[in-house]
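2 protein chains.
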Amino acid sequence: MFQVDTMSRQPVYEQIIHQLERFVLSGVLKPGTQLPSVRSLSMELSINPNTIQKAYSELDLRGVIYSVPGIGCFVSENAVALLGEHKRENLGLLYQLAQELALAGIAKDEVLHTVEQAYSAHDKGGNTI
Amino acid sequence: MFQVDTMSRQPVYEQIIHQLERFVLSGVLKPGTQLPSVRSLSMELSINPNTIQKAYSELDLRGVIYSVPGIGCFVSENAVALLGEHKRENLGLLYQLAQELALAGIAKDEVLHTVEQAYSAHDKGGNTI
DNA sequence: TAACTGTACTATATGTCATAATACAGTTGA
DNA sequence: TCAACTGTATTATGACATATAGTACAGTTA
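Each protein sequence line maps, in turn, to chains A and B. Heads up: the first sequence is residues 1 to 129, going by the working numbering. Heads up: the second sequence is residues 1 to 129, going by the working numbering.
So, in structure tokens, the structure goes:
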């Protein structure tokens, strides 16, 4: 399920957070589902348990998951809504990125077309419930 | 001219590269223009000279600027074209970002509108020659 | 009771970033 | 010629984030 690239510039714990967010948003991990334990996932990915816990801790802090000591970690009921709000902040990044492309002389239609492609790829992927 | 935020997560040398790229693309720094010297810019920004040199070295390697030992650094003649190609790679980033937003349930029209805003802000900014 | 769960802690290693201090060779103008 | 600039190179040092390693504790479950 999870995959990790140790050679990536992006920290491993961020990769795990990012993947878990996508699993929740795409419905692969539904609210209430128990996540793989810190130790089992660390062994599966050949990664230190502390790295997994760092990812889980941050998601727990944000309310996306919740942990029950002695039992395990679970996807929160309002995880999808929380992630929706969280991802909305990326609109600012997209705005900056579009400004960069405008400055570099890339045509507006080309950028708009890229957005269209991203959305059609998403729809065809059957990720809409 | 240049500004630096030491507290930013983005490395200082990357900030300088980014700003210089924007100055070139916006016409503030034209081809042939001599850049501030490593030492003078380091003093102006209260930054170590090595940090400036790291930024200049990378831009020199990419051909955006060229350096003449004993004289100084200058904006290359084909800098704008080089930067155009370089920035085009960001279309891939924008594609990924748009997919993220689609997955998070943000409406396509909202994303398209953000792109429109970025381009209209660019035009009104008078950055087109 | 054994085996699992999350959590906490210290120590260590690594790589990137930035600073500090020199040093060298080339250019320029007084 | 000489002082003052230019880019370039080198070594040492410190701060910081990331990741690993090992250990430990408390709660849960079959």
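Just so you know, even glycine gets a beta-carbon here, dropped at the ideal spot from N, CA and C. Computed from a prediction, not measured in an experiment: that's the story for all the values here.
- A Cβ-Cβ contact shorter than 9 Å links B:V111 with A:L91.
- Of the candidates B:H122, B:A107, B:S76, B:H18, B:S76 places its Cα closest to the Cα of B:G32.
- For B:F74, the uninterrupted beta strand (DSSP E) run begins and ends at 72–75, by DSSP.
- For the set B:Y95, B:S46, B:Q99, the Cα lying nearest the Cα of B:D5 is the one of B:S46.
- Counting the other CB atoms within 10 Å of its CB gives B:Q96 a total below 16, which places it among the exposed residues.
- The Cβ atoms of B:I65 and B:I16 do not sit closer than 9 Å to each other.
- For B:E110, a Cβ of chain A is located within less than 9 Å of the residue's own Cβ.
- Inter-residue distance for B:S42 and A:N78 is about 49 Å (C-alpha atoms, whole angstroms).
- Beta-bridge partners of B:Y66 (DSSP): B:F74.
- Against chain B, the CB of A:Y95 has a partner CB under 9 Å away; the residue lies at that interface.
- Linking B:F2 to A:R22 through their CA atoms gives a straight-line distance of about 38 Å.
- In the structure shown, A:Q34 falls within a strand segment according to DSSP collapsed to helix, strand and coil.
- Shown here, B:R88 sits in a helix according to DSSP, grouped into three states.
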